[in-house]
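Going by our numbering, the sequence shown opens with residue 6, and the numbers climb by one from there. All C-beta atoms in this analysis are idealised placements derived from N, C-alpha and C, irrespective of residue type, glycine included. Remember, it's a predicted structure, so these values are computed and weren't measured experimentally. Here the structure is laid out as structure tokens; the discussion comes afterwards.
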Amino acid sequence: MFRKLFPLVVVSLWGVVVLSPSQPASASTPLTQAVVKSLRNWVQLMPQSRPKRRAQIKDAMTPGDGLSTGKASLADLRFNDGSLARIGERAVFRFVPRSRTFTLSNGTVLLLIPPGRGETKVRTRSAAATIRGSALFVRYDEQTDTTVVGSLTDSGIEVFNQDESRSRVLKAGQLIVLVKGEIQGLYNFDLRSFYDTSDLVRGLDLTKPNNTPSSDPAMASVQAETSEALSKQVPITGENVVENPSFIQLSPVSSDVPDEEVVQDAYL
Numbered sequence: 006m007f008r009k010l011f012p013l014v015v016v017s018l019w020g021v022v023v024l025s026p027s028q029p030a031s032a033s034t035p036l037t038q039a040v041v042k043s044l045r046n047w048v049q050l051m052p053q054s055r056p057k058r059r060a061q062i063k064d065a066m067t068p069g070d071g072l073s074t075g076k077a078s079l080a081d082l083r084f085n086d087g088s089l090a091r092i093g094e095r096a097v098f099r100f101v102p103r104s105r106t107f108t109l110s111n112g113t114v115l116l117l118i119p120p121g122r123g124e125t126k127v128r129t130r131s132a133a134a135t136i137r138g139s140a141l142f143v144r145y146d147e148q149t150d151t152t153v154v155g156s157l158t159d160s161g162i163e164v165f166n167q168d169e170s171r172s173r174v175l176k177a178g179q180l181i182v183l184v185k186g187e188i189q190g191l192y193n194f195d196l197r198s199f200y201d202t203s204d205l206v207r208g209l210d211l212t213k214p215n216n217t218p219s220s221d222p223a224m225a226s227v228q229a230e231t232s233e234a235l236s237k238q239v240p241i242t243g244e245n246v247v248e249n250p251s252f253i254q255l256s257p258v259s260s261d262v263p264d265e266e267v268v269q270d271a272y273l
């Protein structure tokens, strides 16, 4: 039914990561609206001032609104600046008024942000990631208070500890893990394996350089950076390689949302 949303091959770089002090954030343009572009299975819209309801294609979200997903579910949001957020299963995702900040209370989100749109931040309870363009994923497990951030491009994606006193800039194919606000490790992960096996990136053409005029210049600029990063990565091999390590898995939870036997897709 659903390929794994988050399979990776990783190899540890360091057991302990020593981070340098963070730098002040630069000014950026607020996001004002997102539109639901595609849905799979159970997706719930959480308006700030209205009752929750089942999400539909073309639903508009404004700052303060949120979106949640059930098991084996997925939703794509397109923002007013051309950015795209793909929210994976069992996620709770909101965007904060008067800012370019998102919060992730559980689950996984893939963010594709065209270069030059300003600084964007993703917050979980234990970490924050700052993006100045291009692609990353964030996974947060509420039960274990574990945050995983992975970079798909060399675009200055900076990850902060809980109180933002320290940070680390990730290179393409690097992944950092924070537990209860503390850094636990920095890893390399195999970009090719990720693109070949993850539904989180399916249909987004992130591995193909766009050499022809595009009807979607915003996404084309992201595709150019993701494909370049992939072409430059040396294959990960060696005895320290681990496939699907435990820290990337979401804790099992009981749910009031019924499992769906048939995958249903809807697109704008």
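Exercise for review: For T42, name the three-state secondary structure that DSSP assigns.
Suggested key: Just to set this straight, residue 42 is Lys in the shown sequence, not Thr. Correct three-state label for K42: strand.
Check your understanding: Rounded C-beta distance between A90 and L116? I'm assuming under 8 Å.
Key -> 5 Å between Cβ atoms; contact.
Check your understanding: Going by beta carbon distance, what residues of the same chain come within less than 8 Å of Y200, once the five residues before and after it are set aside?
Key -> Apart from sequence neighbours up to five positions away, the residues of its chain that approach Y200 with a beta-carbon distance below 8 Å are V206, L211, T212, L235, ordered along the chain.
Check your understanding: So what does K126 bridge to, in DSSP terms?
Key -> Per DSSP, T106, T135.
**Study point:** Alpha-carbon to alpha-carbon, E248 and L72
**Key:** Their Cα atoms are separated by approximately 30 Å.
Exercise for review: Have a look at V143 and R58 and give me their C-alpha separation to the nearest angstrom.
Suggested key: About 25 Å.
Check your understanding: Going by the beta-carbon positions, is the gap between D159 and K176 smaller than 8 Å?
Key -> It is a contact, given that the beta carbons lie within the stated cut-off.
Practice item. Go ahead and pull the three-state DSSP assignment for A234. Key: A234 sits in a helix when the DSSP states are folded into three classes.
Check your understanding: So what does Y145 bridge to, in DSSP terms?
Key -> G112, T152.
Exercise for review: Note down the Cα distance separating E233 from S131, rounded to an integer number of angstroms.
Suggested key: Rounded to whole angstroms, E233 and S131 show a C-alpha spacing of 31 Å.
**Study point:** R122 to T135 span [Cα, whole Å]
**Key:** Using only the alpha carbons, I get a separation of about 13 Å.
Practice item. Quick one: residues in its chain with C-beta nearer than 6 Å to the C-beta of T152, no 5 flanking neighbours on either side, listed in chain order? Key: T129, S131, A132, Y145, L183, listed in sequence order.
Check your understanding: Which of helix, strand or coil does DSSP assign to S251?
Key -> In the three-state scheme derived from DSSP, where H, G and I count as helix and E and B as strand, S251 is classed as helix.
**Study point:** CB of R99 within 8 Å of CB of T125, strictly
**Key:** Contact flag unset, no.
Check your understanding: Taking buried to mean at least 16 other C-beta atoms within 10 Å of its own C-beta, is R103 buried or exposed?
Key -> It counts as exposed.
Practice item. Go ahead and label R83 buried or exposed: buried means 16 or more other beta carbons lie within 10 angstroms of its beta carbon, across all protein chains shown. Key: By the neighbour-count criterion, in which a residue is buried when 16 or more other Cβ atoms sit within 10 angstroms of its Cβ, R83 is buried.
Check your understanding: Of all the options D81, I241, Q189, S170, which has the alpha carbon lying nearest to the alpha carbon of V154?
Key -> Of the listed residues, the one whose Cα sits closest to V154 is Q189.
Point to revise | CB contact flag (T108, R95, <8 Å) | key: No. Outside cutoff.
Exercise for review: Would you mind sorting D168 into buried or exposed? The rule is 16 or more other CB atoms within 10 Å of its CB.
Suggested key: By the neighbour-count rule (16 or more Cβ atoms within 10 Å), D168 is not buried but exposed.
**Study point:** One or two residues paired with G178 in a DSSP bridge
**Key:** Residue pairing of G178 in beta bridges, as defined by DSSP: absent, with no partner found.
Check your understanding: Roughly how many angstroms separate the alpha carbons of D86 and R171, rounded to a whole number?
Key -> Across the structure, D86 and R171 are spaced so that their CA atoms are roughly 29 Å apart.
Review point. From what residue to what residue does the beta strand (DSSP E) around R83 run?
Key: Per DSSP, R83 is one residue of the beta strand (DSSP E) stretching across 79-84.
Exercise for review: Count the other CB atoms, across all protein chains shown, that sit within 10 Å of the CB of R55; report buried if there are 16 or more and exposed otherwise.
Suggested key: Answer is exposed; the Cβ neighbour count stays below 16.
Review point. Helix or strand or just coil, what does DSSP make of L196?
Key: In this structure, DSSP gives L196 a helical state, which the three-state scheme calls helix.
Exercise for review: Measure the C-alpha to C-alpha separation of E265 and R45 and round it to an integer number of angstroms.
Suggested key: Annotation note: pLDDT 46 at E265 (below 50); position unreliable, coordinate value reported separately. Each residue's alpha carbon lies about 10 Å from the other.
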